[in-house]
Amino acid sequence: MHSSRKKYIKLLPFTLILLIGILFYIGILRFNYPSSKKYPIQGIDVSNHQNLIEWEKIDKTKIHFVYIKATEGGDFKDKRFDYNWKNAKKNRFFVGAYHFFTFCKTGEEQANNFIETVPIEQNNLPPVIDLEYGGNCKLVKSKNELISEIKIFENIIHSHYNKKPILYVTEEFYNDYLIGQFEENMIWFRDIYKKPTIKDNRHWDFWQFANRAHIKGINTYVDLNVFNGNQEDFNKLVE
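Heads up: the sequence shown begins at 1034 in my numbering, then just goes up one per residue.
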């Protein structure tokens, strides 16, 4: 009995670590809990991976804005974009669209794909360019070539929608390509472990702080985000 008890005590820390890991994995626990007082304007970003969203069930007192995946690369359109766009607006969320920028298509091709998909409408949030390695093509372009293609995309989108695109970035991609670049664009920084600290001390405007959250109306994991500003600042984005 005594030996069994000692063995149990030794195993207890490992069991607790495993349990905590599982709770993080399934989204019951997360690393970040940004204060709603400090960051009152919070939102989600969604795509077809969130399946058929019941928009009317999402709590608008907690979720204020939504970014919806529209396109990827030169010819891919998210199959749920039209549904999500229509119903998010119907339920009076602030809505914007994002494009997943791929390394294997030109900036012009990708911009045309986005423009063909996302309408110009009043009170839209600025377009977002999603820049990351995960799920992307093999990178064969040089650093300067890739930055040039992103700039082409950014210029076309800015001109078409008359709103400067926001750059969604991972820390790795930002450090590799964006230090000292696109200094007039707002930054949406992904860090699911801690509050963003950008290498060149650049200001961040949006923060994706969780990627495995659960909210009513969505039956899968969903990303959570905050806006780094007040209501007046936010309103300027949809003017």
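Beta carbons: idealized from backbone N, C-alpha and C, even for Gly.
Here the structure is a predicted model, which is why all the values come from computation and not from measurement.
Item: Report all residues from its chain with a CB closer than 6 Å to the CB of residue 1104; omit the five preceding and five following residues, and keep chain order.; Value: 1110, 1132, 1146, 1147 and 1150
Item: Inspect the CB distances between the stretch 1149-1163 and the stretch 1223-1230 and report whether three or more fall short of 8 Å.; Value: no
Item: Looking at the secondary structure, which residues open and close the alpha helix (DSSP H) in which residue 1191 lies?; Value: 1176-1194
Item: Provide the residue span of the alpha helix (DSSP H) that contains residue 1126, from first to last.; Value: Element bounds for residue 1126: n/a, residue is neither H nor E.
Item: To the nearest angstrom, report how far apart residue 1117 and residue 1077 are at their CA atoms.; Value: 12 Å
Item: In the DSSP assignment, find the unbroken alpha helix (DSSP H) run with residue 1145 in it and report its ends.; Value: 1140-1150
Item: Quick check on the burial criterion: 16 or more other C-beta atoms within 10 angstroms. Buried or exposed for residue 1176?; Value: exposed
Item: For residue 1189, which residues from the same chain have a beta carbon less than 6 Å from its beta carbon, with the 5 sequence-adjacent residues on both sides left out?; Value: 1144
Item: Judging by CA-CA distance, which residue of 1232, 1169 and 1092 is the nearest neighbour of residue 1106?; Value: 1169
Item: Where residue 1166 and residue 1206 are concerned, what is the direct C-alpha to C-alpha distance, given to the nearest angstrom?; Value: 7 Å
Item: Tell me which residues share the same chain as residue 1153 and place their Cβ nearer than 8 Å to its Cβ, disregarding the 5 neighbours each side in the sequence.; Value: 1193 and 1194
Item: Alpha carbon to alpha carbon, how far is residue 1185 from residue 1210?; Value: 15 Å
Item: Closest by CA to residue 1100, which one among 1129, 1137, 1263 and 1233?; Value: 1129
Item: To the nearest angstrom, how far is it from the Cα of residue 1073 to the Cα of residue 1095?; Value: 8 Å
Item: Determine the extent of the beta strand (DSSP E) in which residue 1090 is found, giving its start and end residues.; Value: Taken as a continuous stretch (DSSP letters only), residue 1090 belongs to no beta strand (DSSP E), as it is neither H nor E.
Item: Identify the residues that DSSP records as bridge partners of residue 1113: which are they?; Value: Bridge partners of residue 1113: none, in fact.
Item: Using the rule of at least 16 other Cβ atoms within 10 Å of the residue's Cβ for burial, across every protein chain shown, is residue 1083 buried or exposed?; Value: buried
Item: Go ahead and pull the three-state DSSP assignment for residue 1266.; Value: helix
Item: Mind checking residue 1261: buried by the 16 CB within 10 Å criterion, or exposed?; Value: buried
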